[in-house]
Amino acid sequence: MSSSSNEEIRRYAPERSNVDDKEVLAPATKQANIKLSIRKVNAWFGKKHAVKDVSLDVKENSVTAFIGPSGCGKTTLLRCINRMHEMTPGGKSDGKVVLDGLNIYDKSSDPAIIKRRIGMVFQKPNPFPTMSIYDNVAAGLKLNGVRDKKLIHDIVEQSLVEAALWEEVKNELHMPGMGLSGGQQQRLCIARALAMQPEILLMDEPTSALDPIASSKIEELVQHLKEHLTIIIVTHNMQQAARVSEYTAFMYIGELIEYDQTKDLFKNPHKELTEKYISGRFG
Amino acid sequence: MNNDNEHKEGQEKISKEKSLNTSINYRQVFDDISSKYTSRRRITNKVVSIVAIVFVIGAIIPLGSILLEVIKNGIAVISIQFLTQPPGSIGSGSGGIGPAIQGTLITVGLASLIGAPIGILSGIYLSEYAPAGSAKGGRERAISFFANTIRLFNDVLTGLPSIVIGIVGYVTIVLAINSFSVWAGAFALSIIMIPIISRVTEETLKLVPNSLREAGYSLGISKSKITLFIVLKNAKDGVLTGVILAISRIAGETAPLIMTILGTSLFFTSLTGPVDALPLRIWRLASQPYESAHAFGWGAALVLILMILILSASLRIIARGRGIKVRTETI
Ligand SMILES: Nc1ncnc2c1ncn2[C@@H]1O[C@H](COP(=O)(O)OP(=O)(O)OP(=O)(O)O)[C@@H](O)[C@H]1O
Ligand SMILES: [Mg+2]
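Sequence lines, in order, name chains H and E.
First residue of the first sequence: 1, per our numbering; consecutive thereafter.
First residue of the second sequence: 284, per our numbering; consecutive thereafter.
In structure tokens:
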């Protein structure tokens, strides 16, 4: 166990962040390459306190993993980052989530625009059942009022390429999205999210419904995607967290217990709880 | 056990493939258990399917015999003239039911134009915009109270005898404009439609998985567009079924029409005047003391049934033709 001041610093991990609470909205975040700062975020379902006072910084063009036992609030925290949590019945939250110096919970920020900047991929693949592969990817653009057919076409192709699905579907773009395999459906959902050109991609256990081969495809994809966007991934699979992420946050019963570079957290955890969890002694 | 040989072969195969060296022969245990239960399960299965088939036949017999009876008695009178001519003089056995077909199409069409949008919108409101369950804030509680009141009214309206709705049409429109009219009939029929469509729409929309709405939100799409282009589109078939159900129901209504459109042997002239309708015509024909009138009545009944069948079939075909068929096994 290290000293308490050491632990305090680790809670904000990237680069052992020198960005303090007051500077979150200031240019300091830019210099430290911090894309997103979460400060004292709490979330509730009715009276149930699901996320407690979580603060962490997320580095640009990196992959950050949230791990922790079932029910510890990973999904809820993730859904606070794109203002999805408040849409669940009974869902409330407070605290700051600062994206490039803008608090997404400010009165002036539009939840719809936040969601376009921060995309999301869900645990179970959920393509729109009535739509073709093409329309699934185009849906976000079309329903947000983009009319330019050529532009839509280019973005659909580019998104499918980025999601490593293009080669498999380029000849059947007008087939229903539901006709694809589970892994393909999940990559379709990733393409659908990418079509909005998000800056951050939130992925909630994106591979938990998939077989190992489909999962490794997605993991590979994550490695490519981080070159131009920032990824936060929730996973139950410790090997996966170790393989894909640079930073890992360990949560337990709503609290952020430890946050550090992935290799340090797995090799040299500072908290007993973390050590217990990653060595598989509970959870 | 009659398949001892197969059994042995199976065992050998397993031991060859995996060389199971366990002390318990799992396959034996499994076979014992399954043979014990298989015969009982087979019998239960048989009994249940037979009972189900008997009940299905029981339900089909009255329906089928009515249909057969209508066809048998009605088919003979059907001709171009029967479908297009106004009724001849009473008891003459000449003329047709042209005005009744025309009147039904106009009244039911107008009622659907009023009732279907209101019913669908109301169903959308109840399913998508009125928070269900535990509402916290004052505003939310007010909305949910409002929604529950609508639901209650829907249920009451569905159970109301249609003649009462006819009287409402009579009092509010017929007396007001001092004439039986198409408007009054369409109004009364639309009131019968609205609660049916609203209920079916609400229930169907609620079946659309929430993950689709969330997928829509996560793309920054507005709620109204998600509701229209994702939720409603997914529930299209169910909503359409509701509309067809409601149309079929009102197409056969007689009581409210007596109080509103009255019935006439002339073709349609204006929306503010009386018009004929098939159920009314059937009722009139049936109450005349002539064989020829009864035969016409059967013919009119057959036409009404066919119209409803054709309508629902064509609505379904139109709906199928658009958009993509979904592979059901993947949902
Ligand atoms: N819709 C909801 N209503 C009420 N409570 C909820 C709801 N969703 C989650 N919770 C509760 O909030 C807590 C955190 O849930 P959350 O889904 O964030 O956990 P998680 O870490 O994502 O778990 P898992 O690994 O199983 O997905 C849990 O205790 C859960 O019971
Ligand atoms: Mg979760």
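For glycine and all other residues, C-beta sits at the position ideal for the given N, C-alpha and C.
Query	Result
Closer than 8 Å, Cβ to any Cβ of chain E: which residues of the segment 138 to 170 of chain H, in chain order?	ALA139, GLY140, LEU143 and ASN144
Report back the beta-carbon spacing between ILE480 (chain E) and ALA399 (chain E) to the nearest angstrom; my notes put them in contact at under 8 Å.	6 Å
Is the beta carbon of MET196 (chain H) closer than 8 Å to that of GLY119 (chain H)?	yes
Measure the alpha-carbon distance for THR130 (chain H) versus LYS516 (chain E) and round it to whole angstroms.	7 Å
Considering only DSSP beta bridges, list what THR64 (chain H) is partnered with.	H:ILE232 and H:TYR247
Taking Cβ to Cβ, would you say GLY402 (chain E) is nearer than 8 Å to ILE509 (chain E)?	no
Leaving out five residues on either side along the sequence, give the residues of the same chain with a beta carbon under 7 Å from the beta carbon of GLU272 (chain H).	none
Quick check on DSSP: helix, strand or coil for VAL41 (chain H)?	strand
Could you tell me the alpha carbon to alpha carbon distance between LYS48 (chain H) and GLY254 (chain H), rounded to whole angstroms?	10 Å
Can you give, in chain order, each stretch of the beta strand (DSSP E) that sits fully within the segment 169 to 238 of chain H and has at least 3 residues?	200 to 204 and 230 to 234
Using CA atoms only, rank isn't needed, just tell me which of E:SER332, E:LEU589 and E:ILE600 is closest to LEU350 (chain E).	E:LEU589
Can you give me the Cβ contacts of VAL558 (chain E) inside the same chain, cut-off strictly under 6 Å, excluding the 5 residues immediately before and after it?	GLY386, VAL465, ILE544 and PHE551
Among E:THR537, E:GLY546, E:GLY535 and E:GLY341, which has the Cα closest to the Cα of THR555 (chain E)?	E:GLY546
Going by C-alpha to C-alpha distance, which of H:SER245, H:THR76, H:ASN237 and H:GLU157 sits closest to ARG192 (chain H)?	H:GLU157
Give me the residue from H:ARG39, H:LYS107, H:GLN123 and H:MET178 with the minimum Cα distance to LEU52 (chain H).	Contrary to the premise, residue 52 (chain H) reads as Lys rather than Leu in this sequence. Cα-wise, what sits closest to LYS52 (chain H) is H:ARG39.
Mapping the DSSP letters down to three states, classify GLN364 (chain E) as helix, strand or coil.	helix
Could you list which residues in chain E have their beta carbon closer than 8 Å to that of ILE113 (chain H), in chain order?	GLY503
Suppose the cutoff is 6 Å on Cβ atoms and the five residues either side in sequence are ignored; what does the same chain contact list for LEU409 (chain E) look like?	ALA430 and GLU485
On a Cα-Cα basis, can you pick out the residue from H:ASP154, H:TRP44, H:TYR252 and H:PRO111 that is closest to PRO89 (chain H)?	H:TRP44
Hey, would you say LEU194 (chain H) sits closer than 8 Å to ALA164 (chain H), going by beta carbons?	no
With DSSP collapsed to three states, give me the class of ALA139 (chain H).	helix
Identify the contact partners of ALA342 (chain E) in chain H, using a Cβ-Cβ distance below 8 Å as the criterion.	Here the premise fails: no neighbours, minimum Cβ distance about 32 Å.
Only counting runs of 4 or more residues, tell me where the alpha helix (DSSP H) segments fall wholly within the segment 426 to 487 of chain E, in order along the chain.	445 to 452
Can you pull out the residues from the segment 344 to 361 of chain E whose beta carbon lies closer than 8 Å to at least one beta carbon of chain H?	none
Of all residues in the structure, which have a C-beta closer than 7 Å to any heavy atom of ligand 2, taken in chain order?	H:LYS74, H:THR75, H:GLN123, H:ASP204, H:GLU205 and H:VAL234
Quick one: is LYS107 (chain H) buried, meaning 16 or more other Cβ sit within 10 Å of its Cβ, or exposed?	exposed
DSSP three-state call for SER132 (chain H): helix, strand or coil?	strand
So LYS124 (chain H) and SER501 (chain E) are in contact, right, with Cβ under 8 Å, and what is the actual spacing, rounded?	That pair is no contact at about 13 Å.
By alpha-carbon positions, which one of E:ILE513, E:ALA471 and E:ILE474 ends up nearest to LEU490 (chain E)?	E:ILE513
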